[in-house]
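Peer 1:
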């Protein structure tokens with residue numbers, strides 16, 4: 001038989017256990033209610049409650065960096081959301097992609113990338129199920145035509161596109177073409193030009209468009225394989241451009257078709273935005289609406305036109321089809337280089 005002391009001690013223990021269970025059940029109920037509230041919020045319009053980070057693979061002044069910073073500036077006209085641009089360079093563009101994949105798929109991290117990111121996933125045999133299929137390809141925002149660029153002083157001395165090709169023949173493979181990275185789009189564009197014109201050269205990586213431009217200006221390279229934008233504000237000259245017609249602001253720059261190489265006239269890179277798979281659908285829809293609004297802003301249109309960039313936005317499955325084609329083109333050139341079966 002229990003003594004009175006033991007009885008009260010046991011009753012006190014049972015009371016404490018009951019209180020503990022009650023508190024646990026209350027906490028669980030509050031958690032469940034919060035989870036239901038979040039799920040309900042996913043069903044309605046998405047509004048950010050903290051800054052959204054846009055991670056890009058290029059440094060300050062690179063094409064994607066400039067485009068994204070202008071996008072963020074113009075987005076203020078349509079939303080109170082705060083955007084932060086973060087430059088994560090190196091690793092042949094893959095450091096940025098890995099940084100994105102290391103963050104939650106909650107809508108607060110966006111990847112601003114270019115065609116070269118896909119090239120590098122394929123060329124360096126990164127896991128495509130992660131670094132390609134692991135993204136929802138939100139929107140392609142720019143199409144930037146290929147351009148062959150030289151120093152303006154060389155151009156004024158007579159080095160037009162045919163002069164570039166003649167020099168390549170004389171240098172017998174030693175002519176340096178500055179590109180951001182090897183085994184990616186700019187390298188492939190140079191290969192196509194050499195193939196079409198029957199010459200050889202040496203592609204040297206300089207990490208970014210601005211650094212490749214600096215290599216030409218310093219004389220470290222004779223040619224930059226870039227985009228018209230790379231020559232703006234620098235003592236550089238575009239001597240050939242991939243475009244149906246001569247571009248506004250680049251009237252002295254002939255198209256590849258004019259020069260007798262129509263097969264080169266569609267070469268370009270794209271730039272776009274992606275989020276991790278699993279990102280809330282409502283956030284994706286919110287971002288698509290914002291992209292559409294920014295893409296029609298006069299300053300966005302003016303910036304792209306003045307830099308010979310086509311700004312038409314392409315979304316979702318249509319963008320993914322462009323990505324898949326980039327994979328196929330990359331595989332082709334890797335086989336041509338003997339780097340893949």
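In the working numbering, the protein residues as written are 1 to 341.
Backbone N, C-alpha and C define an ideal beta-carbon position, used for all residues, glycine too.
In angstroms, rounded to a whole number, what distance separates the CA positions of residue 63 and residue 254?
Peer 2: Whole-angstrom Cα-Cα distance: 22 Å.
Peer 1: Please determine if the stretch 295 to 310 and the stretch 141 to 155 are in contact, where contact requires at least 3 C-beta pairs separated by less than 8 Å.
Peer 2: Yes, the stretch 295 to 310 touches the stretch 141 to 155.
Peer 1: Please state whether DSSP places residue 38 in a helix, a strand or coil.
Peer 2: Unreliable placement is indicated for residue 38, whose pLDDT of 37 sits below 50; no coordinate value is reported for it.
Peer 1: Within a Cβ cutoff of 6 Å, which residues of the same chain sit near residue 88, ignoring the five residues on either side of it in sequence?
Peer 2: Excluding positions up to five away in sequence, the list reads 55, 95, 96, 99.
Peer 1: Hey, how far is the Cα of residue 161 from the Cα of residue 177?
Peer 2: C-alpha separation (whole angstroms): 13 Å.
Peer 1: At what residue ranges does the stretch 95 to 125 contain a whole run of the alpha helix (DSSP H), taking only runs of 4 or more?
Peer 2: Entirely contained in the stretch 95 to 125, the alpha helix (DSSP H) runs reaching 4 residues are, in chain order, 115 to 123.
Peer 1: Tell me the DSSP secondary structure of residue 194 in three-state form.
Peer 2: DSSP places residue 194 in helix when its eight states are reduced to three.
Peer 1: Which term fits residue 111, buried or exposed, when burial requires 16 or more other beta carbons within 10 angstroms of its beta carbon?
Peer 2: Counting Cβ neighbours within 10 Å, residue 111 comes out buried, since at least 16 surround it.
Peer 1: Does DSSP put residue 135 in a helix, in a strand, or in coil?
Peer 2: DSSP places residue 135 in strand when its eight states are reduced to three.
Peer 1: Kindly list the residues whose CB is nearer than 7 Å to the CB of residue 268, restricted to its own chain and excluding five residues on each side of it in sequence; keep chain order.
Peer 2: Within the same chain, residue 268 has close Cβ partners 143, 144, 145, 146, 242.
Peer 1: Rounded to a whole number of angstroms, what is the C-alpha to C-alpha distance between residue 332 and residue 184?
Peer 2: Roughly 12 Å between the two C-alpha positions.
Peer 1: Can you check which of these residues, 131, 154, 139, is closest to residue 216 by C-alpha distance?
Peer 2: Comparing Cα positions, the closest option is 154.
Peer 1: Measure the C-alpha to C-alpha separation of residue 57 and residue 262 and round it to an integer number of angstroms.
Peer 2: Each residue's alpha carbon lies about 32 Å from the other.
Peer 1: Does the stretch 192 to 203 come close enough to the stretch 118 to 136 to have 3 or more Cβ pairs within less than 8 Å?
Peer 2: Verdict: no, contact absent.
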